[in-house]
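Residue numbers (full-length UniProt numbering), protein chains in the order written: chain B, 1 to 242; chain L, 1 to 403.
Ideal Cβ placement from N, Cα and C applies to all residues, glycine included.
As structure tokens, the structure follows; a few thoughts come after it.
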């Protein structure tokens with residue numbers, strides 16, 4: 001079980017944004033995809049999700065490409081997008097049901113799981129609300145619940161920390177750790193390295209659409225000669241090299 | 001700031017012109033000309049038959065003249081982003097409002113003049129009112145509108161609540177003054193309006209108060225929403241954002257005819273709720289059904305009613321087609337593991353249910369109006385068969401051709 005990007009080049013309308021990108025995620029591994037704005041993180045994610053098609057290269061999840069069986073491929077992925085995307089016509093409860101129906105989950109078990117998550121994230125009394133009544137942070141929490149209630153094998157979490165309160169950030173990190181313990185794969189993009197560094201097992205650093213580093217925290221630190229505790233200095237070095 | 005308003009005004013006029021072209025399309029113009037002709041003919045006829053000098057004519061004229069006075073809000077064209085970018089320009093906002101006030105007056109004044117000309121035969125011949133007196137009253141009404149726009153402007157500042165009520169209270173006062181000028185003393189309204197303007201300049205001083213940006217932006221967006229709501233009767237308005245309503249009272253319909261509520265097609269689940277909670281779709285269904293019922297009351301022939309019923313079912317179904325592509329650009333809809341073949345099936349099922357509901361209501365209407373008769377049953381069966389032909393035949397052709 002793994003996600004593999006093999007020399008993927010792709011972007012919008014034949015203008016490559018990511019070039020020759022290769023990396024993989026193995027079970028029980030949290031990979032941090034990091035880089036400056038415009039480095040190609042979101043574009044890489046869009047290729048994994050099938051929103052963009054690679055110009056060249058291949059993406060496989062558990063040895064399967066999306067073209068082989070789209071539904072099965074998608075069922076193995078749960079996503080928490082950078083900007084929360086909800087159906088404005090559905091209540092919170094209906095979003096949970098929608099997830100259950102589309103991932104073919106067992107209703108009662110999945111709902112029970114969702115209720116636990118709602119309780120952790122302090123949303124359990126808002127089941128009947130429409131998204132229009134939610135704040136940005138609350139919408140993000142709904143995305144956390146709908147992603148983590150599935151039994152997907154890959155969790156893609158795009159810049160989750162902005163907008164969440166400190167308690168929710170801690171809850172999310174705990175959930176990520178739980179999924180990791182269950183043998184799932186997690187792909188996390190973020191700029192807030194101080195929050196995420198302990199949760200991430202391996203960093204894939206993108207710069208100008210290319211993978212410039214791929215390794216553990218210590219590997220990255222030695223490659224960029226970072227003094228301890230100042231992982232953020234990585235960004236200024238990337239900008240200089242950019 | 002003045003230049004900013006002018007630029008926005010120009011942009012807005014181009015936009016309004018584009019929509020007005022769509023509103024006043026050939027069909028509508030034709031209907032309008034015929035309607036106006038009929039109305040004028042009726043008016044001329046009524047004029048001949050009306051008795052002279054009835055005491056209540058003054059009241060009727062006052063109320064009709066008062067309608068164009070109520071019409072017309074201050075068009076500020078303030079944008080949501082102005083709260084951020086013009087926030088520090090409080091002291092210059094009056095410059096911005098100067099052209100706004102002039103522009104906002106144009107349309108109401110035009111309508112006041114138009115209505116007063118239309119009323120002239122009634123006032124002059126049937127009420128034996130002096131022409132000069134009537135002109136003074138119309139001038140009074142225009143001045144009252146100037147006062148009204150002035151008050152609307154001042155209301156946008158963070159002035160005391162009691163002052164905000166002035167605008168509400170000014171309206172019955174103007175109506176009373178209008179009635180007074182017709183029955184008692186022609187210049188009364190003009191005097192009241194001029195005094196009102198002077199008072200508002202003296203007492204409603206806005207120099208040292210903050211401009212209430214949040215409120216002003218809200219007021220403007222409500223005003224524009226109203227205009228777009230009018231346009232949307234004729235055409236699609238892209239500026240209009242649908243306000244989703246919860247409509248809890250319709251929740252009982254959600255799981256109706258659903259075999260197992262814990263195992264549903266996600267697309268059907270989503271589309272059904274969209275139909276019920278998105279006003280664009282539900283209003284359409286309700287409006288078309290109500291329209292059909294009204295026509296049924298007017299029409300007196302069951303065959304006519306049948307043809308009209310089929311036509312309306314077709315129009316309803318046709319106008320609901322955009323629902324099929326509603327979520328095509330929705331990220332989660334794309335990412336979620338749906339069965340792609342299920343989308344068409346779900347839409348077909350939902351549309352069949354919606355149109356059958358419509359034809360059921362029409363059938364009940366027909367039974368009530370024409371009683372239980374053979375041709376009524378034929379009509380009912382025909383409409384329902386048409387629904388099936390539409391959803392099972394036409395829909396496949398139409399949507400597959402689109403693909």
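Original post:
Buried or exposed: which applies to residue 172/L, given that a residue is buried once 16 or more other Cβ atoms fall within 10 Å of its Cβ?
Top reply: exposed
Subject >> Closest by C-alpha distance to residue 314/L, when choosing among 382/L, 83/L, 142/L >> reply: 382/L
Subject >> Straight-line Cα distance separating residue 296/L from residue 4/L >> reply: 52 Å
**OP:** List the residues of chain B whose Cβ lies closer than 9 Å to the Cβ of residue 320/L, in chain order.
**Re:** The contacting residues do not exist; residue 320/L stays about 15 Å from chain B at best.
Subject >> residue 7/B, DSSP secondary structure in three states >> reply: strand
Original post:
What residues from chain B crowd round residue 270/L, counting only those whose CB sits closer than 8 Å?
Top reply: 87, 89, 90, 98
Original post:
Would you say the stretch 58-73 of chain L touches the stretch 110-123 of chain L, given that touching needs at least three Cβ pairs under 8 Å?
Top reply: yes
Subject >> Extent of the continuous beta strand (DSSP E) to which residue 58/B belongs >> reply: Taken as a continuous stretch (DSSP letters only), the beta strand (DSSP E) holding residue 58/B covers 56-61.
**OP:** Go through its chain and collect everything with a Cβ distance to residue 192/L's Cβ below 6 Å, but skip five positions before and after it.
**Re:** 177
**OP:** Closer than 8 Å by C-beta to residue 170/L: which residues in its own chain qualify, once you throw out the five before and the five after it? Chain order, please.
**Re:** 147, 148, 151, 196
Subject >> CB of residue 22/L within 8 Å of CB of residue 234/L, strictly >> reply: yes
**OP:** Would you mind telling me which residues of chain B sit closer than 9 Å to residue 278/L, beta carbon to beta carbon, in chain order?
**Re:** 88, 89
Subject >> Supposed close pair residue 351/L, residue 320/L - CB separation, criterion 8 Å >> reply: At roughly 6 Å, the Cβ-Cβ gap stays under 8 Å, so residue 351/L and residue 320/L are in contact.
Subject >> Distance between residue 140/L and residue 134/L (C-alpha atoms, nearest Å) >> reply: Distance between the alpha carbons of residue 134/L and residue 140/L: 10 Å.
**OP:** Express the C-alpha separation of residue 74/B and residue 23/B in angstroms, rounding to a whole number.
**Re:** 19 Å
**OP:** Label residue 55/L either buried or exposed according to how many other C-beta atoms from any shown protein chain fall within 10 Å of its C-beta, with 16 as the threshold for buried.
**Re:** With fewer than 16 other Cβ atoms within 10 Å, it is exposed.
**OP:** Return no unless some Cβ of chain L is closer than 8 Å to the Cβ of residue 132/B.
**Re:** yes
Subject >> Rounded straight-line distance, which links the Cα of residue 349/L to that of residue 270/L >> reply: 13 Å
Original post:
Can you tell me the Cα-Cα spacing of residue 187/L and residue 119/L, whole angstroms?
Top reply: 19 Å
**OP:** Give the straight-line distance between the Cα atoms of residue 80/B and residue 358/L, rounded to the nearest whole angstrom.
**Re:** 40 Å
Original post:
With distances taken from CA atoms, which of 245/L, 218/L, 371/L is nearest residue 83/L?
Top reply: 218/L
Subject >> Distance between beta carbons of residue 211/L and residue 156/L, contact taken as under 8 Å >> reply: 7 Å
Original post:
Quick one: what's got a C-beta closer than 7 Å to residue 229/L's C-beta in the same chain, skipping five residues either side?
Top reply: none
**OP:** Alpha carbon to alpha carbon, how far is residue 189/B from residue 333/L? Give it in angstroms, no decimals.
**Re:** 22 Å
Original post:
At a Cβ threshold of 8 Å, is residue 79/B touching chain L?
Top reply: yes
**OP:** Taking only beta carbons into account, state which residues of the stretch 44-65 of chain B come closer than 7 Å to chain L, listed in chain order.
**Re:** 49, 51
Original post:
Roughly how many angstroms lie between the CA atoms of residue 312/L and residue 279/L, to the nearest whole one?
Top reply: 19 Å
Original post:
Are the beta-carbon atoms belonging to residue 203/B and residue 35/B less than 8 Å from one another?
Top reply: no
**OP:** Determine the extent of the alpha helix (DSSP H) in which residue 68/L is found, giving its start and end residues.
**Re:** Counting along the chain, the alpha helix (DSSP H) containing residue 68/L begins and ends at 57-70.
**OP:** Inspect the CB distances between the stretch 147-164 of chain B and the stretch 179-189 of chain B and report whether three or more fall short of 8 Å.
**Re:** yes
Original post:
What are the residues of the stretch 22-45 of chain B that lie near chain L, defined by any Cβ-Cβ distance shorter than 7 Å?
Top reply: none
Subject >> DSSP beta-bridge partners of residue 202/B >> reply: 31/B
Original post:
To the nearest whole angstrom, what separates the beta carbons of residue 94/B and residue 273/L, a pair I think is in contact under 8 Å?
Top reply: 6 Å
Original post:
Is the number of C-beta pairs between the stretch 256-263 of chain L and the stretch 137-147 of chain B that are closer than 8 Å three or more?
Top reply: At 8 Å Cβ cutoff, the stretches do not touch.
**OP:** Could you tell me if residue 179/B is buried or exposed, where buried requires 16 or more neighbouring beta carbons within 10 angstroms of its beta carbon?
**Re:** buried
Original post:
Are there 16 or more other CB atoms within 10 angstroms of the CB of residue 53/B, so buried, or fewer, so exposed?
Top reply: exposed
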